[in-house]
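Numbering (this note's numbering), first residue to last: 1 to 996.
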């Protein structure tokens, strides 16, 4: 008998061809059952046990394992529909496991004479010669812990002699029941991330008469599944198999019957919309509450370790106090989401106003794929008999106060409890905020008592706040309380309302906004909060009035009137109309402005503004309109808006697509050219003429030919380099489209591709695409100029240094100047640090034309500078000196690596024309080479003199030996030296030495 469990991909206790190891492992397993009396299971790791209720019997099927599954087969709650699979278990383990469980799951066994067991039904087959037996071992494993094991022995099947050819007796798979059992608790837990496993192994004995000859492990006998034994009806394979999936001929399934608590820990919560899972539940609700307060949000968290595949249906039921269903809902597939290790669902129910009060039961029923149902417990919710809500009458959260002014605060006090006269309430109002004694705080009723005659009824108290002259130290928040009493004067509910208090001047700047006739998008706002680009053109048709809407909101505390002063009109004709009365607002003769009606605090007046552009072609097509709105109560309180109009002549164009879409008509070149070599615009051209049906030919002028783009003398934003760009204008079929033909109301789509072939500075570059009426006199032609803005990104610095003047020769101590230039080939202005470096006693300085070392070099331009060089006094004739000149880019936003620093090397040569000066210079300040030559000459001279002395021949004077002896005793004075004596050698004594 061989047993092992899977940990990761490996098998513990795996044995193939080593029967002694198998017996040893069996002994360990049996011994483990008796070790540790306190432990009910044989464990590889410590396995805590947990007790839970609401278990139900599951049938878990042994089915085919998908790719990547760590065991031979898979344990699943779904009935298999695949064809039979089988595997030899002889001498090895065949393992089955669930997927990794998403949550901890509790499994239970059936009672069996003081123990607990699990039924495991397996389809098995064993074959061998007559008398062969098979010992089957089946184990139940939780994670890496052995829960129970059972062994059973059966006779192996021996097919008859003709069995393999279709006749005689054949050996088929048969169903066998195993009941592995354990003691102790009935429950065991498989932890989250672990697997429930069943391990099957077989030990074959295929020797006649029983013996202990081990079987051949599966797959080790030259590719066969077992050994062939002679006799017994022919060659019989000695092997044992286990089968799973749907057994052939519909015989059944290999399966496990076990009690499971699949939804332990699952919950349902009743909350308000927008709540997250960790927010508290709402237990008390009110039958006549406001609609947005009658929305119950049911949040479900389903913890099923088997995952979504085990859940068939989920339904929610709300039951009233009489047992009637108030609401039911079955969640569809899309309403149940997998969230980590749980399944989540959410449903919002707006219960009807006036619903019966009382206790409501909340039931959630989950049905699994095997038809079993589970209920999630919930304590239910209460529909209260009594309740009140207090809100601002205008649904505001802010109230306004002003010096020496009274602020009325209109309130709504609503009975939200049960309907009917039996639920009448009396409510008392109070202000909890501590105002100073110089404030007057009062309600419109002196007793502050407001009756409510049943659920759904509303009272409207008014709180009056009278402020002092000095608002310093006034509270920022006011808290108002309402207390409800029933007919027995018992307090049944109370609520509070908090409002922010904002201080206002009596008069304040108005808030002014401008809208198109469609009223769908603001064109201007005086607060600046929307960051509206006032330069965006708003189209106005030539010769007619175009309608806009001007909204003026009184932000002051008191009633006010306003004057509209036209600061700029760009020669356009402006008319103002009261949109409520339809009356035209004429220019006031006294101050030349347009007066509005009186506006109460925080109210708005809408004024219809009509604009007709200038009729003179000499005036620019685009121009600014600026309006100033001034408080009449306090002329220092004012607001200004401005917007741009563009005159059109029956033709308009707009960009409907470009390469970055943020917004249309304004592109970033770096984005567009990241994946393409062109910048592309799709442009819709529309004939906006309101009359006639005749089609008009319109020319599409190439931007490179339009003076407005390239004539820098006439237009400040023009750039001659725009003419170097390549423009391709095509229709939707990608054919060239130099013109379009449009009748009034017609549109046509064209494409404009731009290739940037010439350099321009970084920043926004606006070019215009002109659509012009195709007539002979272009000065009378109608036209439209469509602006297209391209943002060119910043290049990295591209600096270079060029020498302008020749490099002179120099003499020691001389000063000279060399003219140079630093050039910026990038598209961004760069701040540059000019520097020069030289070694030794030489000196060098660099200075620009403005006298500084730091200069700004504009894009595609250059700056001249001077390098002043002073030759060192120690310089010698023929010296070459290197001077290093650098231009380093600087930025307050980033630092640039050395690779962006431009360098230039100057080579200066010393040339001295005076030979004597050269010699003196070499002697007084010899260079190393001169010193070396001098030392060499001295060495040669010494060698010559020494050699000459060694070659002189001396004449030996032989003295008689007797004379010498006689002279030894005499002392004679030497001869006096005279001028006639000469130590010089005779000519014959001198030998000339040839040094060559």
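For each residue, glycine too, the CB sits at the ideal point set by N, CA and C.
query = Does DSSP classify residue 848 as helix, strand or coil?
reply = In the structure shown, the three-state DSSP call for residue 848 is strand.
task = Quick one: give me the first and last residue of the alpha helix (DSSP H) that residue 669 is part of.
result = 669-672
ask   = Which of helix, strand or coil does DSSP assign to residue 780?
value = coil
Sequence-distant residues of its chain with Cβ nearer than 8 Å to residue 853 (five each side left out) = 833, 834, 835, 846 and 847
inquiry  = Classify residue 961: buried if its beta carbon has 16 or more other beta carbons within 10 angstroms, exposed otherwise.
reply    = For residue 961, the predicted model reports a pLDDT of 48, less than 50, meaning its position is unreliable and no value from the coordinates is stated.
message = In the DSSP output, what is residue 666 paired with across the bridge?
response = 789
request  = Could you tell me how far apart the beta carbons of residue 137 and residue 151 are, in whole angstroms, since I believe they sit closer than 8 Å?
outcome  = In this structure residue 137 touches residue 151 by the C-beta definition: roughly 5 Å separates them, less than 8 Å.
task = Can you tell me which of the three DSSP states residue 540 falls into?
result = strand
task = May I have the straight-line CA-CA distance separating residue 844 from residue 932, to the nearest angstrom?
result = C-alpha separation (whole angstroms): 31 Å.
ask   = According to the Cβ coordinates, are residue 699 and residue 774 closer than 8 Å?
value = yes
task = Output the distance between the C-alpha atoms of residue 26 and residue 65, rounded to the nearest integer angstrom.
result = Bear in mind that the predicted position of residue 26 carries a pLDDT of just 35, short of 50, making it too unreliable to give a figure here.
request  = May I have the straight-line CA-CA distance separating residue 173 from residue 305, to the nearest angstrom?
outcome  = 32 Å
query = Where in the region 318-368 do unbroken runs of the beta strand (DSSP E), each at least 3 residues long, occur, reported from the N-terminal end onward?
reply = 325-330, 336-339, 342-350 and 358-368
message = Below 8 Å on the Cβ atoms is my contact criterion, and I expect residue 320 with residue 402 to pass it. Report the Cβ-Cβ distance as a whole number of Å.
response = For residue 320 against residue 402, the beta-carbon gap comes to about 52 Å, at or over 8 Å, which does not count as contact.
task = Would you decide whether residue 804 is buried or exposed? Buried here means 16 or more other CB atoms lie within 10 Å of its CB.
result = exposed
inquiry  = Can you confirm whether the region 606-619 touches the region 540-554 when touching is taken to mean that 3 or more C-beta pairs between the two stretches lie within less than 8 Å?
reply    = yes
task = Under the assumption that residue 255 contacts residue 61 (Cβ atoms under 8 Å), give the Cβ distance between them as a whole number of angstroms.
result = 5 Å
request  = Apply the 10 Å Cβ neighbour rule to residue 657 and answer buried if 16 or more other Cβ atoms are within range, or exposed otherwise.
outcome  = exposed
request  = Can you give me the start and stop residues for the alpha helix (DSSP H) that residue 709 sits inside?
outcome  = The continuous alpha helix (DSSP H) containing residue 709 extends over residues 707-710.
ask   = What alpha helix (DSSP H) runs, 4 residues minimum, are completely inside the region 236-320?
value = none
ask   = Using the C-alpha atoms, what's the distance from residue 541 back to residue 641?
value = 22 Å
query = Buried or exposed: which applies to residue 842, given that a residue is buried once 16 or more other Cβ atoms fall within 10 Å of its Cβ?
reply = buried
inquiry  = Would the region 102-120 count as touching the region 176-187 if we require 3 or more Cβ pairs under 8 Å?
reply    = yes
Those residues which DSSP pairs with residue 116 across a bridge = 111 and 182
task = With a cut-off of 8 Å on the beta carbons, I'd call residue 767 and residue 788 a contact; round off their distance for me.
result = 5 Å
inquiry  = Going by beta-carbon coordinates alone, are residue 342 and residue 330 separated by less than 8 Å?
reply    = no
query = Looking at the unbroken beta strand (DSSP E) that takes in residue 680, where does it start and where does it end?
reply = 679-687
inquiry  = Please confirm whether residue 622 has its beta-carbon closer than 8 Å to some beta-carbon of chain D.
reply    = In the structure shown, chain D cannot be found, because there is only a single protein chain.
request  = Could you pull out every residue in the same chain whose Cβ sits closer than 6 Å to the Cβ of residue 73, ignoring the five residues on either side in sequence?
outcome  = The beta carbon of residue 73 sits closer than 6 Å to those of 62, 65, 96 and 244, all from its chain and outside the five residues before and after it, given in chain order.
query = Which residues share a DSSP beta bridge with residue 534?
reply = Its beta-bridge partners do not exist; DSSP assigns none.
query = Hey, would you say residue 525 sits closer than 8 Å to residue 532, going by beta carbons?
reply = In contact: residue 525 and residue 532 (Cβ atoms closer than 8 Å).
query = What is the residue span of the beta strand (DSSP E) that residue 493 lies within?
reply = 491-503
request  = Please determine if the region 616-624 and the region 487-506 are in contact, where contact requires at least 3 C-beta pairs separated by less than 8 Å.
outcome  = no
message = Looking at the ligand NAP, does it come within less than 7 Å of residue 451, judged from the CB to the closest heavy atom?
response = Ligands displayed in this structure: none; no statement on the ligand NAP is therefore possible.
Ranges of the beta strand (DSSP E) found wholly within the region 428-452, counting only runs of at least 3 = 440-443 and 449-452
ask   = Just curious, the beta strand (DSSP E) that residue 741 is in, first and last residue?
value = 739-742
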